[in-house]
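Throughout the sequence shown, residue numbering follows numbering that gives the first Met the number 0, covering 0 to 177 in sequence.
C-beta: ideal position from N, C-alpha, C; glycine also.
Just so it is clear, the structure is predicted and the values come from calculations on it, not from any experiment.
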Amino acid sequence: MVAEDVLVKFFVILALLFFVPKVVNSTTKIPDALAELMIGIILGITVLSFFFIDDMITILSTIGIVTLFVFSGMDVDTNFIVKNKKFFTEHIILHILIFIAVGCVIQLYLHLSFQIAFLTSLALTTPSASFILSSIKAVGKERKLWIGSKAIGGEVTGLTLMVILLSLSDIKMLILSL
0 MVAEDVLVKF FVILALLFFV PKVVNSTTKI PDALAELMIG IILGITVLSF FFIDDMITIL
60 STIGIVTLFV FSGMDVDTNF IVKNKKFFTE HIILHILIFI AVGCVIQLYL HLSFQIAFLT
120 SLALTTPSAS FILSSIKAVG KERKLWIGSK AIGGEVTGLT LMVILLSLSD IKMLILSL
């Protein structure tokens, strides 16, 4: 009986993750990522005891994150980025400056530790490339490439900053991770 319960929950989770957002998108034109977020919030509030942290959720979340980064990497057009390297360099520098400014404000006013303040800043200032890419279906190919490359550039910058922030307590680990 326990195995059947796990299989039913697994099927429900997969159905909610893969099919419901597509149906919502086709009927209401709400982007898949936003539909997934709304479904997660609604289920988290209404069905508290159905989903709980166990090995299945951990495995699915890990697969989801790995898949996100694989697909984000596949969307990068390196020739386009090299051709527009001045713009992307300026954008990365601007993102880092905004990140530092927000982190300093958080640390100054909320009196948090350096790492916590700047990780919070990172969460607030880094765009979600997967959400942006899934939301720009209606624009032309050139504009979609431009927006997608900029979003992925911001996310790569954010990930690099996150690795640095999380490794600050161990300088040897920081050097190895870069």
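Cα-Cα separation between His110 and Gly102, rounded to whole angstroms: 11 Å
Contact belief for Gly157 with Leu121 at Cβ below 8 Å, rounded distance in angstroms: 6 Å
Proximity of Phe87 and Ile95 at Cβ, strictly below 8 Å: no
Where the alpha helix (DSSP H) containing Pro20 begins and where it ends: Val19 to Thr27
Residue range of the alpha helix (DSSP H) that includes Gly139: Premise fails: Gly139 is in no alpha helix (DSSP H) and is neither H nor E.
Neighbour-count burial assignment, Glu154, 16 or more Cβ in a 10 Å radius: buried
Start-to-end residues for the alpha helix (DSSP H) that takes in Leu109: Lys84 to Leu109
Beta-carbon gap between Thr119 and Ile105 smaller than 8 Å: yes
CB of Leu42 within 8 Å of CB of Phe117, strictly: no
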